[in-house]
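*Asks:*
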Amino acid sequence: MQDLLTIQLTEQQDTINWLLINQGHRQPDQSGSWEDLKSYLENEGSTEPKVALIIPIEKSVFLEMVLPPGQAKYAAKAIDFAVEEKLSQDPSLYHLVPRGKPKQGSLSVIAIDKEWFATQLQILKEAGLEVVQCFIDAEILVEAGAIHVIQTDRSMVVSSPSHCLSADVSWLGALLPKAMEQHEDKPLKLTLPENSEQENIIKAQVMLSADQELTTEYYTGTYLGFLVDKLLSSHPAHSLLIGEFGGKKEQSQWLNALKPAAIAATVLLVAGLSFQVVQGWQAARLSEAYLQANEKLCKDIFGPQKRCRENLIKREVQNLISQPTTTTSAASFLSLLEDFASIKGQETLISLRYTQDKQELLMVILDQDFQKLEQIKSKLEGKGYNVELSASQDKNMTRGNFRITGKVSS
Numbered sequence: 001m002q003d004l005l006t007i008q009l010t011e012q013q014d015t016i017n018w019l020l021i022n023q024g025h026r027q028p029d030q031s032g033s034w035e036d037l038k039s040y041l042e043n044e045g046s047t048e049p050k051v052a053l054i055i056p057i058e059k060s061v062f063l064e065m066v067l068p069p070g071q072a073k074y075a076a077k078a079i080d081f082a083v084e085e086k087l088s089q090d091p092s093l094y095h096l097v098p099r100g101k102p103k104q105g106s107l108s109v110i111a112i113d114k115e116w117f118a119t120q121l122q123i124l125k126e127a128g129l130e131v132v133q134c135f136i137d138a139e140i141l142v143e144a145g146a147i148h149v150i151q152t153d154r155s156m157v158v159s160s161p162s163h164c165l166s167a168d169v170s171w172l173g174a175l176l177p178k179a180m181e182q183h184e185d186k187p188l189k190l191t192l193p194e195n196s197e198q199e200n201i202i203k204a205q206v207m208l209s210a211d212q213e214l215t216t217e218y219y220t221g222t223y224l225g226f227l228v229d230k231l232l233s234s235h236p237a238h239s240l241l242i243g244e245f246g247g248k249k250e251q252s253q254w255l256n257a258l259k260p261a262a263i264a265a266t267v268l269l270v271a272g273l274s275f276q277v278v279q280g281w282q283a284a285r286l287s288e289a290y291l292q293a294n295e296k297l298c299k300d301i302f303g304p305q306k307r308c309r310e311n312l313i314k315r316e317v318q319n320l321i322s323q324p325t326t327t328t329s330a331a332s333f334l335s336l337l338e339d340f341a342s343i344k345g346q347e348t349l350i351s352l353r354y355t356q357d358k359q360e361l362l363m364v365i366l367d368q369d370f371q372k373l374e375q376i377k378s379k380l381e382g383k384g385y386n387v388e389l390s391a392s393q394d395k396n397m398t399r400g401n402f403r404i405t406g407k408v409s410s
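The end of the sequence shown is residue 410 by full-length UniProt numbering, with every number in the run present.
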């Protein structure tokens, strides 16, 4: 019987998770380096397992594209042009995977950095491992006719028939309504790890954002184990191994070989935007930026006032989501926030507002030392931004009014 190995990439380049089904017996999942995996397979006597590779949604871009009339039948040829328009980048830099067929002139596409994807496959090839299937983790979790909210090992994933997004739990209230657009009549499922410490917080976020009745279910063990369980019960339709990465077609062989392991395993099978936005934002970058905004920006920018001040950022992001913005506008705002967080010290941020039409960020910062405000201005200008600063006295503090207009073209 063919050995089967599921490998889950993580946000850390040198750390992976894996689960081996050896001669029909499902082994406990493991975590470590590529060298650790090599040693593990040698100890288990598994020399040439077939591999299913799982990629985190944060490494992908989900795009919803409108095809011009008459081009739906030529979707494959039209994708490059649509991707270039959405991402404002050369489509040849991306590996593009259509999510099914065009519907009413609209086509959903997954895009992955081609060089990065090729590097991951090359690493496995050099390790003597043959990848026969490859999926985005959020795609594995998609359920037909339902909206599914899942707590993973790193964040929250929301999947619906047309949307996939990833975010920190504190952003669910802002992002879930977007994922539910045109799916208000669909049932809502919440899946949590057993004994989740954030269960009450997550439920509150979901229930405040949706009117549907909420069904809560749980999975035991690890997130990787849960993904494998889902693969056993219903595999996703959109493998990333197409086109130049197509290679040998062994999807049915891999899945059929998994069936005996499903019977033998004593694991509880639990029924079940990367991040896609209709306007076509760069989802992988956006998802990562949301996490940074919550975990990094709100700490670095707001310090001890994080709890009440973080809503400033959320409000501006939600405003962008609710409008027909462009990729450039969204990327500019998030990039500017990241740059600002990297240079800010102990100064107090009083207000923040982003003007989409002008791609202009207005901020009011308070500090005792005017020189620190000047330093912020200089550092932002050093990063290529056009910055205007005016100051006034506010009791014993100096109030700095910043007007930042996008990076200066070189």
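Positions of the beta carbon are idealized from the N, C-alpha and C atoms, including for glycine.
1. Buried or exposed: A119, going by 16 or more other Cβ atoms within 10 Å of its Cβ?
2. Output needed for E199: all residues of its chain with C-beta closer than 7 Å, excluding positions within five of it in sequence on either side, in chain order.
3. Can you tell me whether Q359 is buried or exposed, with buried defined as 16 or more other CB within 10 angstroms of its CB?
4. With distances taken between CB atoms, is the gap from L366 to E347 smaller than 9 Å?
5. Would you kindly work out how many angstroms separate the C-alpha atoms of E42 and A127, rounded to a whole number?
6. Do three or more CB pairs link the region 141 to 156 to the region 167 to 176 at distances below 8 Å?
7. Short check: CB of G382 to CB of S390, under 9 Å?
8. Which residue's Cα is closest to the Cα of N386: E11, Q371 and I404?
9. By a C-beta neighbour count over all protein chains shown, 10 Å radius and 16 as the cutoff for buried, is N17 buried or exposed?
10. At the level of alpha carbons, what is the spacing between I110 and I242?
11. For L93, which three-state DSSP category applies?
12. Would L4 and K50 be called neighbours here (beta carbons separated by less than 9 Å)?
13. Give the DSSP-derived three-state secondary structure of D153 in the structure shown.
14. Expressed to the nearest angstrom, what Euclidean distance is found between the alpha-carbon atoms of Y223 and S239?
15. Please look up how many angstroms separate the CB atoms of E217 and K178, rounded, as I've assumed it's under 8 Å.
16. Could you check how far apart the C-beta atoms of I54 and L227 are, in whole angstroms? I think they sit under 8 Å.
17. Mark L129 as exposed unless 16 or more other C-beta atoms lie within 10 angstroms of its C-beta, in which case mark it buried.
18. Using the Cα positions of A210 and G145, report the straight-line distance between them to the nearest angstrom.
19. Would G45 count as contacting chain D if we go by Cβ distances under 9 Å?
20. Measure from the alpha carbon of K114 to the alpha carbon of each residue in V97, L124, K101 and K125, then state which is nearest.
21. Tell me, to the nearest whole angstrom, how far the beta carbon of K230 is from that of I140; I am working on the premise that it is less than 8 Å.
22. Please name the residue, chosen from S196, V206, I201 and F370, that lies closest to M180 on a Cα-to-Cα basis.
23. Run through DSSP, which three-state label would S180 get?
24. If we call anything under 9 Å between Cβ atoms a contact, is I21 one with Q27?
25. Hey, T220 and E194: beta-carbon distance below 9 Å or not?
26. What does the alpha-carbon distance come out to for the pair D29 and L93?
27. Starting from N43, follow the alpha helix (DSSP H) in both directions and report where the run begins and ends.
28. With DSSP collapsed to three states, give me the class of K101.
29. Rounded to whole angstroms, what is the Cα-Cα separation between F117 and Q8?
30. Tell me which residue opens and which closes the beta strand (DSSP E) that L389 is part of.
31. Which two residues bound the contiguous beta strand (DSSP E) that contains S378?
32. In chain order, what residues of the same chain lie with their CB nearer than 7 Å to the CB of G173, ignoring the 5 residues before and after it?
33. Taking the straight line between their C-alpha atoms, what separation do you get for I150 and T15?
*Replies:* To lay it out plainly:
1. Checking the sequence, you will find Thr at residue 119 rather than Ala. When all chains shown are included, T119 counts as exposed.
2. The beta carbon of E199 sits closer than 7 Å to the beta carbons of L192 from its chain, once the five residues preceding and following it are set aside; these are given in chain order.
3. When all chains shown are included, Q359 counts as buried.
4. Contact flag set, yes.
5. Whole-angstrom Cα-Cα distance: 12 Å.
6. Yes: the two stretches touch, three or more of their Cβ pairs being nearer than 8 Å.
7. Against a cut-off of 9 Å, the Cβ pair of S390 and G382 comes out as no contact.
8. Considering only E11, Q371 and I404, the residue with the shortest C-alpha distance to N386 is I404.
9. Of the other Cβ atoms in all chains shown, 16 or more fall within 10 Å of the Cβ of N17; this residue is therefore buried.
10. Straight-line measurement puts the Cα of I242 at about 12 Å from the Cα of I110.
11. Note: L93 maps to helix in three-state DSSP.
12. K50 is positioned such that its CB atom lies closer than 9 Å to that of L4.
13. Three-state DSSP puts D153 in coil, outside helix and strand.
14. The alpha-carbon atoms of Y223 and S239 are separated by roughly 20 Å.
15. With a beta-carbon spacing of about 23 Å, E217 and K178 fall beyond the 8 Å limit used to define contacts.
16. 6 Å between Cβ atoms; contact.
17. It counts as buried.
18. When only Cα atoms are considered, A210 and G145 end up about 16 Å apart.
19. Of the chains in the structure shown, none is chain D; there is only one protein chain.
20. Ranking V97, L124, K101 and K125 by CA distance to the CA of K114 puts V97 first.
21. At roughly 5 Å, the Cβ-Cβ gap stays under 8 Å, so K230 and I140 are in contact.
22. The shortest Cα separation from M180 among S196, V206, I201 and F370 belongs to V206.
23. Note that residue 180 is Met in the sequence shown, not Ser. Under the three-state reduction of DSSP, M180 is assigned to coil, being neither helix nor strand.
24. Here I21 is near Q27, since their CB atoms are less than 9 Å apart.
25. Between T220 and E194, the C-beta spacing is below 9 Å.
26. Each residue's Cα considered, the two are about 34 Å apart.
27. In the DSSP annotation of this structure, the continuous segment of the alpha helix (DSSP H) that includes N43 starts and ends at W34 to E44.
28. DSSP places K101 in coil when its eight states are reduced to three.
29. Answer to the nearest angstrom: the Cα atoms are 14 Å apart.
30. Its beta strand (DSSP E) spans residues Y385 to D394.
31. Note, S378: premise wrong, no beta strand (DSSP E); alpha helix (DSSP H) at F370 to G382.
32. Take G173, set aside five residues on each side of it, and the residues of its chain with a beta-carbon closer than 7 Å to its own are Q205, L208 and S209, in chain order.
33. Rounded to whole angstroms, I150 to T15 spans 22 Å at the Cα level.
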